[in-house]
Structure formats: structure tokens, C-alpha cells
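Now the structure itself:
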């Protein structure tokens with residue numbers, strides 16, 4: 001067993017156990033539970049978001065904007081939005097890979113984020129993702145963050161990432177300046 005696989009298995013053993021009964025779709029309940037636990041771990045470290053799965057539309061979760069997520073103006077900090085988009089989009093591809101039988105892991109190579117409106121303290125956000133492109137190494141997922149109550153688009157973005165798989169990278173000698 002290689003080191004990355006051991007780390008992934010250790011991560012899965014340490015995941016919180018969050019409610020997943022509300023997740024709908026055609027995935028096995030065990031997959032729904034695992035993915036709810038993954039989202040909870042990465043988004044809050046202790047549970048909190050409510051993942052909702054509809055395979056026809058991609059992934060979706062809901063999370064309330066808390067004080068720890070806000071800047072001094074009481075709106076969600078841009079870095080928090082980037083964090084949500086990064087983990088939601090990569091989480092979507094990991095889920096897709098688990099279901100479709102490929103390694104969905106990856107590292108972000110480009111992220112584009114557009115702020116349309118402010119997400120305020122206390123707002124409940126609906127974060128949805130849709131896979132745009134998947135091949136052997138490159139992937140792209142689109143993400144929208146909306147106000148759950150008004151459905152107003154607050155933030156949108158795309159995340160492109162690369163799966164290096166088992167490729168071994170040779171490190172050239174350091175260049176001298």
C-alpha cells in the first residue's frame with residue numbers, strides 16, 4: 001500500500017459522523033454517509049454543513065455564515081469563499097471518482113472566483129457544484145454559492161485541477177544563478 005492511500009484511509013477513519021438521512025439520489029447510503037462526513041470534516045472540521053446530493057445536478061451543501069467566516073464588515077471573507085469552492089469542487093470530483101471507479105483526487109491548478117453579492121453573517125448558503133470536464137488527468141468543476149432563502153447568486157467560480165496519479169516526478173538539479 002502506498003503512502004497516499006494510507007493517509008486517505010487514516011483520514012476516513014477520523015471523519016466525524018454527521019446526519020446523512022436527508023441526502024437523496026441513487027447512490028448507496030454508505031456513499032452518501034461517507035461524503036457527508038468528508039464535507040463536514042473539510043468545511044468545519046467538526047460537522048455543520050448539510051450535504052445534499054442529486055447526481056443529475058451535481059453536489060450541493062448548505063452552511064450558515066458564522067462570525068468566524070466574516071471580515072470586519074460582517075460579510076463572508078473572500079478567503080473563506082475560496083476555501084468553500086476549493087473543497088466543494090474537489091469533493092465533487094472525489095465523489096464522482098468513487099462512484100465511477102477512478103481516482104478523483106487532484107491539486108488545484110487554477111481557480112476563478114466572481115463575487116456578485118455579499119454573503120452576510122447569519123445567511124444560510126446553498127453551495128452547488130457541477131462537473132464541467134473530466135479526463136485522465138485534468139478536471140474542472142463549476143461552483144455556485146447562493147442565498148438559500150432568496151436563491152440570489154452571491155459567488156460563482158470554477159476550479160481546475162490535475163490528478164498526478166502515481167506519476168513519479170523527477171527533480172532536476174537546482175539551477176545556479
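In the UniProt record's numbering, the protein residues as written are 1 to 177.
Even for Gly, the Cβ is constructed at its ideal location relative to N, Cα and C.
By how many angstroms is the C-alpha of residue j removed from the C-alpha of residue i?
| i | j | result |
| --- | --- | --- |
| residue 82 | residue 144 | 12 Å |
| residue 39 | residue 91 | 7 Å |
| residue 74 | residue 101 | 42 Å |
| residue 23 | residue 96 | 16 Å |
| residue 106 | residue 85 | 14 Å |
| residue 93 | residue 152 | 25 Å |
DSSP beta-bridge partners for residue i?
| i | result |
| --- | --- |
| residue 63 | 125 |
| residue 72 | Residue 72 is not bridged to any residue. |
| residue 143 | 129 and 157 |
| residue 138 | 162 |
| residue 110 | 160 |
As a quick exercise: from the options, pick the residue whose alpha carbon is nearest that of residue i.
| i | options | result |
| --- | --- | --- |
| residue 156 | 136, 36, 141 and 98 | 141 |
| residue 76 | 31, 23, 120 and 164 | 120 |
Classify residue i as buried or exposed, calling it buried when 16 or more other Cβ atoms lie within 10 Å of its own Cβ.
| i | result |
| --- | --- |
| residue 12 | exposed |
| residue 72 | exposed |
Closer than 8 Å: is that where the CB of residue i sits relative to any heavy atom of the ligand ADP?
| i | result |
| --- | --- |
| residue 125 | The ligand ADP is absent from the structure shown, which contains no ligands of any kind. |
- Query: Counting pairs of Cβ atoms below 8 Å between the region 62 to 74 and the region 115 to 129, do you hit three or more?
  - Reply: yes
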